[in-house]
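Counting in numbering that gives the first Met the number 0, the sequence shown runs from 0 upward without gaps.
From the three backbone atoms N, C-alpha and C, an ideal C-beta is built for every residue, glycine too.
Keep in mind the model is a prediction, meaning the values are calculated, not measured.
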Amino acid sequence: MIKTGTLENQLEFYFGYKTFRTGQKEIISRVLQGKDVLGILPTGTGKSICYQLPARLQKGLTIVVSPLISLMMDQVKELRATNFKEVVALNSFLDFNQRKRIYRSLHQYKLLYVSPEILQQKELQHYLAKQHISLFVVDEAHCISQWGHEFRPDYQKLNQVIQLLGHPPILALSATATKDVQQDIIDSLKRPEMEKLIYPMDRSNIALSIQEVSNNEEKLERITSILSKYQVPTLIYFSSKLAAENVSIFLAERLPNHRIAFYHGGMEQMDRIAIQQQFMNNQIDVICCTSAFGMGINKNNIRLVFHYHFPSQIESYIQEIGRAGRDGEQSISILLYNRQDEFLPRQLMDSELPSDEDLSRVYRIIGQSIASKKAFPTDLTEFPLFFEISETQWRFIQAQLEKHGLILENSLQYEQSKLTKIFQLIRTIRDERLFFKQRKLHEMINWIQSESCLREALYTKFQEGYTSVDDQCCSICGINLQNFQPEEIQPHKVLASWEMKLRQLLVVGEQHETK
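In structure tokens form, the structure reads like this:
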């Protein structure tokens, strides 16, 4: 056990920082006492230190469930640069033999990053069960509740793995979680005594601007005009993949001195990670992206965050603007609002959840297959095509079928007696989820149309009070762009092909193992 009085010394020794940021010391102290902790910290305040320092100080293996490969890659790279070699990441870029070597060498590591999907693999669980797990970390823990079955269904299965590993202490971390979401996290992890350490998420260095426009042409003119004055790291968020691509092409033509790229979930994984790394290394100035970009990205000098389209809920908006100004310097969020945009999030909500027609078709196909003893596809990833629904809609249905025992060990079970009752329940859950999403969208639109301080209206739902800002607060209280004078970025040279560099970064276990 490390005495808390020496934590600052340990922090400086391992990471070079003399003082802790908001909440870090309190969370680390509880973790070192073996307590279960839910930590809600503002974006950009260094949540990773809350488990990286304990991993160095405690015996055994710390498991970090991380939602994105880019997060694993960046953190492993940074830790290895500090001569901490006992860290490894398991990701989809590793082939079977590479994973197998890591499994057999788990006793050599102190920190393991893994996606929730890979953590469900029985072989990995077999090897992990042989290790002493000092801490189980759920990063971006709001995925359990905010997206749930729609984003990462395997987040809702984490408690099964935790039980298998002997109930190690849990640290759940998030930047955006209402009281309801916090309780969802605690309930899902089945730790009713989990201590909640909640810190204000208000980032006073980010000015909030909402600009109403009449059409998309006016949006483009506003963005072009502002970017022509500033060559700084910038994110532009879209609800449409096609719009992200088209606007990136438009801006590249209008702003030839800016290096502009697009990013969305429809791109190849290697291409997405290459874009992320170039942005991190100041080789791209502006990224036109969907919400697929950003979670786990820790670039401290993003100065501008535009919303070409607004997100469907306030939590997503706070996450996205929170990628700006992580170094504490002045940054600006600009939401371009056209009332006609309101149909986009409504359209997305309808497409994410299965319709009555979709549910009836899936129910009918399963029932007919059971009656005729017709075989289903053996690979669950083939089911969306088999049932003629989207992957997102299938994930929603799959999560419910797994929960009620009609999918076991990745295999669909043949139980006609349960089928009707479960599909009636799925309809009810679908309706509740749709109502929840509609309520969230209504909250977002109400905030956009607010006539009082935007900062106060945005944050008081999540915390007691807010940080009053005299200058550069919001477009209601007043923002003066003349006073916004960020330092322009200095590009880095590209020294190797990105594919080669990514392979070196992603295959992170083998160098340590062969030494």
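From A243 to E192, what distance separates their C-alpha atoms? 44 Å
Since I205 sits in a beta bridge, which residues does DSSP pair it with? S330
To the nearest angstrom, how far is it from the Cα of K76 to the Cα of T380? 32 Å
Beta-carbon proximity list for R325, same chain, < 6 Å, skipping 5 on both sides: G43 and N299
Going by the beta-carbon positions, is the gap between I406 and S69 smaller than 8 Å? no
Do you know how far the Cα of L453 is from the Cα of S213? 21 Å
Please confirm whether I101 and F135 have their CB atoms less than 8 Å apart. no
heavy atom of the ligand PLP below 7 Å from V468 C-beta: Ligands displayed in this structure: none; no statement on the ligand PLP is therefore possible.
Under the assumption that I132 contacts P167 (Cβ atoms under 8 Å), give the Cβ distance between them as a whole number of angstroms. 4 Å
Sorted by chain position, which residues of the same chain lie with C-beta nearer than 8 Å to L226's C-beta, five sequence neighbours on each side aside? T233, L250, L254, H257, V285 and L303
Identify the residues that DSSP records as bridge partners of A260: which are they? In the DSSP assignment, the residues bridged to A260 are I286.
For E252, count neighbouring C-beta atoms within 10 Å of its own C-beta (all shown protein chains included) and say buried if the count is 16 or more, exposed if not. Exposed, since its Cβ has fewer than 16 Cβ neighbours within 10 Å.
Report, in whole angstroms, the separation of the C-beta atoms of Q318 and T175, which I expect to be a contact under 8 Å. About 6 Å; that satisfies the 8 Å criterion.
Span of the alpha helix (DSSP H), counted from its first residue to its last, around M219: A quick correction: the sequence has Leu, not Met, at residue 219. N215 to L226 is the extent of the alpha helix (DSSP H) around L219.
Coarse secondary structure for E487, derived from DSSP in three states: coil
Compute the distance between the beta-carbons of R20 and G45, then report whether it is under 8 Å. The answer is yes: Cβ separation under 8 Å.
As assigned by DSSP and simplified to three states, the class of F14: It is helical.
Identify which residue in K189, D270, E401 and E487 has its Cα closest to the Cα of N281. E487
Take every Cβ of the region 470-477, pair it with every Cβ of the region 382-394, and state whether three or more of those distances are shorter than 8 Å. no
If you draw a straight line from the alpha carbon of Y336 to that of E211, how long is it in whole angstroms? Take the alpha-carbon of Y336 and the one of E211: they are about 5 Å apart.
Buried/exposed call for D349, threshold 16 Cβ in 10 Å: exposed
What separation, rounded to the nearest whole angstrom, lies between the Cα atoms of R429 and P353? 8 Å
Can you tell me which of R98, S173 and L110 puts its alpha carbon nearest to the alpha carbon of K121? R98
Opposite A171 in the DSSP bridges: which residues? L37 and V137
So the alpha helix (DSSP H) E528 belongs to, where does it begin and stop? What is shown of the chain runs 0 to 514, which leaves residue 528 out entirely.
For the beta strand (DSSP E) that H306 lies in, which residues bound it at each end? Unbroken beta strand (DSSP E) run through H306: L303 to H306.
Do you know how far the Cα of L334 is from the Cα of I209? 5 Å
Which residue's Cα is closest to the Cα of G477: R55, R432, I331 and L411? I331
Between the beta-carbon of L531 and the beta-carbon of L52, is there less than 8 Å? Because the chain in this structure spans residues 0 to 514, residue 531 falls outside the shown range and cannot be described.
What residues in its chain sit with their C-beta under 7 Å from that of E341, if we drop five residues either side in the sequence? I444
Assuming Q313 and E442 are in contact, meaning their beta carbons sit under 8 Å apart, how far apart are those beta carbons, in whole angstroms? Gln is not the amino acid found at residue 313; the sequence shown has Ile there. With a Cβ gap of about 6 Å, I313 and E442 count as contacting.
From which residue to which residue does the alpha helix (DSSP H) around K417 run? Q415 to I447
Would you kindly work out how many angstroms separate the C-alpha atoms of Q130 and I48, rounded to a whole number? Q130 and I48 have their alpha carbons spaced roughly 23 Å apart.
Mind listing, in chain order, the continuous alpha helix (DSSP H) runs of no fewer than 4 residues lying wholly within the region 35-107? 48-56, 68-80 and 95-103
Is L424 buried or exposed, if buried means 16 or more other CB atoms sit within 10 Å of its CB? Classification for L424: exposed.
Is it buried or exposed, P376, if we count other Cβ atoms within 10 angstroms and call 16 or more buried? exposed
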